[in-house]
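Heads up: take any position in the sequence shown, counting from 1, add 922, and you land on the numbering used here.
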Amino acid sequence: MARLKVKNLTFSFGYETILEDINFEINENEVVSIVGPSGGGKTTLLRLCAGLLDRQEGEIENSFKTQSIAFQDPRLLPWKNVIDNIAFGLKAMRVPLNERVKRAKEIALRFDLEEDDFDKFPKELSGGMSQRVSFARALVTKPELLFLDEPFSALDIGLKRELQNHIIELIENKEITIFFITHDIMEAVRLSDKILLLAPDPGRIVKTFEFNKPQSQRDDEWIYQQTVKLLSDRDIIETFELEFK
Ligand SMILES: Nc1ncnc2c1ncn2[C@@H]1O[C@H](COP(=O)(O)OP(=O)(O)OP(=O)(O)O)[C@@H](O)[C@H]1O
Ligand SMILES: [Mg+2]
């Protein structure tokens, strides 16, 4: 059942049309990703869907009860340490202090942050550590819908894989629905049920790729094959201007 519906969405910043006639739906427990060139309007679309930007033309129906977002830049609170940053959203949910700290520590360890890091402040963290804290902060509240804007771009391949596996586990247990942006086509293939290809100027969805295989059954060979297929798709080549001229 569709829980997020976007219909005929058009959006401008000033006189510049950023998104034009965007239509798509996200079902419960689905992973939907957007890929497309830089500056094409992906973050703008995500922010509109998350209600962080006011809609202009068209409709967005979102029936998820809880949601959270991990931004392209981590946006941690500079005056709070790692654990307090992760636990921040739980305070608003009135989770008691000891439970907040317990849950924040659990997820921090899960994301390979070490106990020595718990008391560090954002300025003392590496880019990849900040991204993990940001991702942990978004997940710790167990939202029904999670928005992710290039969440793993600063991570090494091992960590990236670990966090992707965490997502796959949540999906398999039907615990979450995810709408995410990535520049990494292989990541999109590994995680997505649907990939929306967003072409720029103005941003519009030129193609949707669907994958029916459950994420947990996608082995490396299947992922490579599908990635190669996508990279040789005409619309992908044109949208990313991959062709040598
Ligand atoms: N607050 C803003 N005010 C004016 N223009 C904006 C604003 N935010 C984004 N834009 C413009 O909207 C367009 C789309 O930006 P957006 O951030 O959505 O792209 P993107 O696809 O996420 O790019 P990237 O892959 O580099 O993150 C760009 O031309 C950008 O300059
Ligand atoms: Mg962006």
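Using N, Cα and C, we set each Cβ at its ideal position, and we do this for glycine too.
Compute every distance between the C-beta of residue 1008 and the non-hydrogen atoms of ligand 1, then say whether any falls below 6 Å.
No.
Contact between the segment 1110–1118 and the segment 1063–1079 (3+ Cβ pairs under 8 Å):
Touching, no.
Determine the direct distance from the alpha carbon of residue 1157 to that of residue 924, and round the result to whole angstroms.
Linking residue 924 to residue 1157 through their CA atoms gives a straight-line distance of about 26 Å.
Do residue 1020 and residue 1059 have their beta-carbon atoms positioned less than 7 Å apart in this structure?
Going by C-beta atoms, residue 1059 is not nearer than 7 Å to residue 1020.
Given a cut-off of 7 Å, decide if residue 931 and residue 973 are closer than it, judged by their beta-carbon atoms.
Not a contact, by the Cβ cut-off of 7 Å.
Bridge partner(s) assigned by DSSP for residue 1139:
According to DSSP, residue 1139 bridges with nothing at all.
Got a sec? Which residues, its chain only, sit under 6 Å from residue 975 by beta carbon, not counting five neighbours each side?
Excluding sequence neighbours, residue 975 sits near 969.
Does the distance from the C-beta atom of residue 1172 to that of residue 1009 stay below 7 Å?
Here the chain comprises residues numbered 923 to 1167, so residue 1172 is not present and cannot be evaluated.
Taking the alpha carbon of residue 1096 as the point to measure from, which residue in 1132, 1064, 1130 and 1000 has its own alpha carbon closest?
Comparing Cα-Cα distances from residue 1096 to each of 1132, 1064, 1130 and 1000, the minimum goes to 1064.
Comparing the CB of residue 994 with every heavy atom of ligand 2, is any distance shorter than 6 Å?
Indeed, a heavy atom of ligand 2 lies less than 6 Å from the Cβ.
Taking only runs of the beta strand (DSSP E) that begin and end inside the segment 937–978, which ones reach a length of at least 3 residues, in chain order?
For the segment 937–978, whole beta strand (DSSP E) runs of length 3 or above, ordered along the chain, are 938–949 and 953–957.
For residue 1100, tell me which candidate among 1137, 1129 and 1026 has the shortest Cα-Cα distance.
That would be 1137, whose Cα lies nearest to the Cα of residue 1100.
Would you grab the beta carbon distance between residue 963 and residue 1122 for me? Rounded to a whole angstrom, and I think it's under 8 Å.
That belief holds up - the Cβ atoms of residue 963 and residue 1122 are roughly 7 Å apart, short of 8 Å.
Return helix, strand or coil for residue 1161, following the three-state DSSP convention.
The DSSP-derived three-state label of residue 1161 is helix.
Run of the alpha helix (DSSP H) containing residue 1006, from where it starts to where it stops:
Unbroken alpha helix (DSSP H) run through residue 1006: 1004–1014.
Reduced DSSP secondary structure (H/G/I, E/B, other) of residue 1041:
Three-state DSSP puts residue 1041 in coil, outside helix and strand.
If contacts are defined as beta-carbon pairs under 8 Å, then residue 950 and residue 927 qualify, I think. What distance do you get, rounded to the angstrom?
Rounded, the Cβ-Cβ distance is 12 Å, inconsistent with contact.
Where do the N-terminal and C-terminal ends of the beta strand (DSSP E) with residue 1095 fall, by residue?
Careful: residue 1095 lies outside any beta strand (DSSP E) and carries neither H nor E.
Give the straight-line distance between the Cα atoms of residue 995 and residue 1053, rounded to the nearest whole angstrom.
One C-alpha to the other measures close to 8 Å.
Among 1147, 1152 and 1068, nearest to residue 1118 - alpha-carbon criterion:
Ranking 1147, 1152 and 1068 by Cα distance to residue 1118 puts 1152 first.
Integer Cβ distance of residue 1073 from residue 1102, believed to fall under 8 Å
Between residue 1102 and residue 1073 the Cβ distance is about 7 Å, and since that is below 8 Å, they are a contact.
Residue 930 - containing beta strand (DSSP E), residue span:
For residue 930, the enclosing beta strand (DSSP E) starts and ends at 924–935.
Please specify which runs of the alpha helix (DSSP H), each continuous and at least 4 residues long, are wholly inside the segment 1021–1070, giving them in chain order.
Counting only runs that start and end inside the segment 1021–1070, the alpha helix (DSSP H) elements of at least 4 residues fall at 1049–1061.
By alpha-carbon positions, which one of 986, 1159 and 1139 ends up nearest to residue 1094?
Its Cα nearest to that of residue 1094, the residue 1139 stands out among 986, 1159 and 1139.
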